[in-house]
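Each number in our numbering comes from the position in the sequence shown (counting from 1) with 471 added on. Backbone N, C-alpha and C fix where the C-beta goes; we use that ideal spot for every residue, glycine too. Each remark here refers to the structure printed beneath this line.
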Amino acid sequence: MTKRYWWVIISYIIMQFSGLLFAPLLYILLPLTEHQAVVYWSIISFILGLIVVLLLMKPEMKKGSQRDASSGGEMVAWSIIGLIMAFLAQGISATIEMKVFGITQSSENTKLIMDVTRATPLFMIIPALIAPILEEIIFRKIIFGQLYLRTNFIIAALLSALVFGIIHGEPQHLLVYASMGFVFAFLYVKTKRIIVPIIVHMAMNTTVVLAQFNIDPEKLEQQLEQLQAIIFGG
């Protein structure tokens, strides 16, 4: 793994934990509540993290795409197909979690994001735009890409998808996160363009955020139960 890749990973880790130091500083220095300080620093740190990562990856972006990479039209087609695949993978894995393992559909991670977004709409740029770019560069281009050079697709996709799932901090929903990570890895290999899984990841997150932003949680849970009944025949 190149030094550049290590610096990208280190920058991402620093970004994730920087709130432990700088959120309290914002709270002390500015007329903010503790919650506001954490939210505002999250927005600032993700923006700064994205800038740093893009600057670190700039030499690779200048090299251009691989010779056999997908064309613009193929990118659009695979972005649409990939979005359908990702939602199917999420739905099937979530249903397996409910039916086989008895795990409820409730996601603390999603609930937290939605609560914060409702209070501070600007926060939406993190799950909808910034996080997908950072996560696809790190988990697909770097982690999956390096593993793929040394192993095969199945092993590389599985390991990177597991790391992707663990990082989201909800081990009970590991199957859901890992299944989506597997789809993103497939799209990266198929098109040889990291922008495709980034677009799909962005579209998926944005759809979920916008949908839940205007849907009552109880109504959403009822819809999920109806979907479960349709898939498994009640």
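Taking residue i as the reference, give the member of the options with the closest Cα.
i, options, result
"M556", "L681, H672, T677, A682", "H672"
"A649", "L658, V660, I637", "I637"
"A628", "E641, G640, I613, P642", "I613"
"L658", "Y476, A540, F493, Y511", "A540"
"T662", "M546, W477, A632", "M546"
"I574", "L497, P642, V660, E606", "P642"
"S482", "I552, F624, E606, S542", "E606"
What span of residues does the alpha helix (DSSP H) with residue i cover, start to end?
i, result
"L605", "602-606"
"E641", "It is not in any alpha helix (DSSP H) - E641 carries neither H nor E in the DSSP assignment."
"L554", "543-572"
"I481", "474-488"
"R664", "It is not in any alpha helix (DSSP H) - R664 carries neither H nor E in the DSSP assignment."
"L618", "616-621"
Residue i to residue j, Cα distance in whole Å?
i, j, result
"M472", "V509", "33 Å"
"I601", "F572", "32 Å"
"V680", "Q617", "31 Å"
"I484", "M651", "22 Å"
"G490", "S513", "7 Å"
"A565", "K474", "37 Å"
"I702", "Q561", "Unreliable placement is indicated for I702, whose pLDDT of 39 sits below 50; the coordinate value is still reported in the next sentence. Answer to the nearest angstrom: the Cα atoms are 13 Å apart."
"L497", "T678", "31 Å"
I think residue i touches residue j, with their Cβ atoms under 8 Å apart; what is that distance to the nearest whole Å?
i, j, result
"I567", "L646", "6 Å"
"F635", "F610", "5 Å"
"V524", "I608", "6 Å"
Residue i and residue j: beta carbons closer than 7 Å?
i, j, result
"L527", "V479", "yes"
"I669", "P603", "yes"
"L554", "A674", "yes"
"F615", "A656", "yes"
Would a check of beta-carbon distances place residue i closer than 7 Å to chain C?
i, result
"V679", "Absent here is chain C; the protein component of the structure consists of one chain."
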